[in-house]
Amino acid sequence: MAVGELYSDQQPLLSNGGHDNEYKIKETRIFLSLAKWVLKFTMWVVFVAWVALFFLVPTDFGTGLYDVWVNATSGTLFGETGSVLLLYSGPIVIIAFLAVPYLLVSGEEQQKEQLQEKRPPRFRLWTFPVLVDGPFGVVSAAELIGIVLFVMFVLWAVYAYTVVNFEILPSYGDLTLQEKRLFMLQMSAYTFGLIALSCLAFLFLPIARGSILLRLVDIPFEHATRYHVWLGNLTMFLLTLHGLFYMILWAIRGIILSEIIEWKSDGGANLAGVICYVFGLLIWVTTLPPVRKRYFELFFYTHQLYVLFVIFLALHIGDTNFSKVFGGIFLFMLDRFLRFCQSRMTVNIVSMKSLPCGTVKLVLSKPGNLRYNALSFIFLRVREISWLQWHPFSVSSSPLDGKYHLSVLVKAFGDWTSMLSRKVSNITEDSQIELPLLPPVRLWLL
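Residue numbering for the sequence shown follows the numbering used here, starting at 5 and increasing by one per position.
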């Protein structure tokens, strides 16, 4: 046997497997980064185009593009309503669906980066405070940009629609000065309604607790709720001007009662609009700080009228116009449905203790598939107190304390927590009641 043949039959002392694994890791990292940036670029393009749509539609150029799109697609299976739905609601739904793989890819990439050195602190628009003391509280740079954009949009839309109204005024023939004023009053009322619809397209996006969009921009739910408050105030202000201008117009013409009770089958049902505004006004009034802080129960239950508000809004504006705001409402209702499915989990109270400071300590059984971090939020509902109310509490225990239980501390502050404290005190004072008979609670982890 030759010496060369002897060495060729032997295995190498050092394996190349390490180099192969390193090459595969680099290849996977490149693929994840590429997929992440492609998804991110696509979502940014869709979002910028969606925002630009709202700015362009009030102009003649935007109206022309809108008419071309509707005429080109209205004869298809979608029809005019489907065309408007794709144009206005499609982009935000597309972004929500693209956010799912983006967050999955970002999670994989973050796990790879955790093995590397920590990056130095970076400037972030979302966390850099610009306004500290003001009517909006602490406002970051990104929030200030959003506020400026919405103010610019409202002012721009009012200006653009007013210019268009003056341009089409001669097409109505020789009108008297009084008739021209009434015409501009009517078109101004219609303009405020259109702008309010644009705000409604964003109104429901920040209040979806498990929204994929909030995870995408890394904004906690308790912080995003104030965006909903800002948008709600702006929307109701525009709707108030919308209804007030129409009321003044009808009062001048002497047809206010007949117009209020008018109900058209093809959209534009005035009575439905009045009912919608009444529900919205009730919600708006109860959100005022003096009412919300002193009468939280009233604020909470009045907010459930949003269902009737949306229904009568659809009856008032018709299916085509409702398609413009359907995207945000759809994502919100999808989140509510998913949270309803998640909230079916019932846990038992392992132990409870009423502390001298008025705080109640609850130790709850933890399902095996539940994962949480210290100070995570959980939402609790006790059916013996309320079937509808869910209240957030921070988890006071650590995941290392036990695999089968977690603890929360509840401070008796409002009606719900005070009632819970009284029930706990009554149960703990009666030593004959066994722990298995304690009321179950519904738990959902935020």
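All C-beta atoms, glycine included, are put in the ideal place defined by N, C-alpha and C.
From a predicted model like this one, the values you see are computed outputs, not experimental measurements.
Where the beta strand (DSSP E) containing residue i begins and where it ends
i	result
P133	133-135
T85	Element bounds for T85: not the beta strand (DSSP E) but the alpha helix (DSSP H), 83-88.
I353	353-358
I382	381-386
V1	Nothing can be reported for residue 1, as the shown portion of the chain is limited to 5 through 450.
F397	395-398
K297	Premise fails: K297 lies in the alpha helix (DSSP H), 293-298, not in any beta strand (DSSP E).
V412	409-415
Heavy atom of the ligand NAP within 7 angstroms of residue i beta-carbon
i	result
L292	The ligand NAP is absent from the structure shown, which contains no ligands of any kind.
Environment of residue i [buried if 16+ CB atoms lie within 10 Å]
i	result
G236	buried
E147	buried
L4	Examination of residue 4 is not possible in this model, given that the chain is present from 5 through 450 alone.
P293	exposed
I199	buried
W41	exposed
P139	exposed
W267	exposed
C345	exposed
Y341	The amino acid at residue 341 is misidentified as Tyr; the sequence shows Phe. Exposed is the call here.
F283	buried
T195	buried
P105	exposed
I1	With the chain represented from 5 up to 450, any question about residue 1 goes unanswered, as that position is not in the structure.
W391	exposed
F417	exposed
A76	exposed
L218	buried
V88	buried
A161	buried
M156	exposed
Y176	exposed
F170	exposed
N430	exposed
F45	exposed
K30	exposed
S327	buried
Same chain, Cβ closer than 8 angstroms to residue i, five either side skipped, listed in chain order
i	result
A6	Bear in mind that the predicted position of A6 carries a pLDDT of just 46, short of 50, making it too unreliable to give a figure here.
V278	G247, I264
L242	V158, F196, G197, I199, A200, C203
Y70	V61, L91
L309	F283, L286, I287
L238	F154, V158, C203
D405	S411
I149	L129
Proximal residues to residue i (C-beta, below 6 angstroms), its chain only, five neighbours per side dropped
i	result
F210	For the sequence presented, residue 210 should be read as Pro rather than Phe. The residues are A228, Y231, H232.
L119	Note that L119 has pLDDT 44, beneath the 50 cutoff, so the model's placement of it is unreliable and no number is given.
W54	P95
G66	L60
P396	F381, F383
Q115	At Q115, the pLDDT of 48 sits below 50, so the modelled position is not reliable; the number obtained from the coordinates is stated separately. Hits under 6 angstroms: none found.
L135	V143
A276	F316, L319, H320
M47	I99, L102
T363	L413, K415
Segment limits, alpha helix (DSSP H) that includes residue i
i	result
S192	181-207
F326	310-326
G331	330-346
N377	Unbroken run through N377: none, as it is neither H nor E.
L404	Run containing L404: none; DSSP gives neither H nor E here.
Same chain only: Cβ atoms within 7 angstroms of residue i, ignoring 5 sequence neighbours per side
i	result
E84	V74, S78, T324
D339	A212, R213, G214, S215
W254	I260, E263
Y3	Because residue 3 is not part of the residues shown, which for the chain are 5 to 450, the question remains open.
T131	S144
P359	Per the sequence presented here, residue 359 reads as Leu, with Pro not at that position. K365.
D419	E301
Whole-angstrom C-beta distance between residue j and residue i, which should lie under 8 angstroms
i	j	result
K370	Y408	6 angstroms
F304	Q393	7 angstroms
L43	V109	7 angstroms
G111	F206	Wrong, their Cβ atoms sit about 27 angstroms apart, outside the cutoff.
I389	L424	6 angstroms
L173	F187	7 angstroms
L57	L220	Not a contact, Cβ separation roughly 20 angstroms.
I353	L374	Wrong, their Cβ atoms sit about 16 angstroms apart, outside the cutoff.
F313	F208	About 11 angstroms separates the two Cβ atoms, so there is no contact after all.
V97	F334	7 angstroms
Length-filtered (4 minimum) alpha helix (DSSP H) runs lying within the segment 234-282: 260-264
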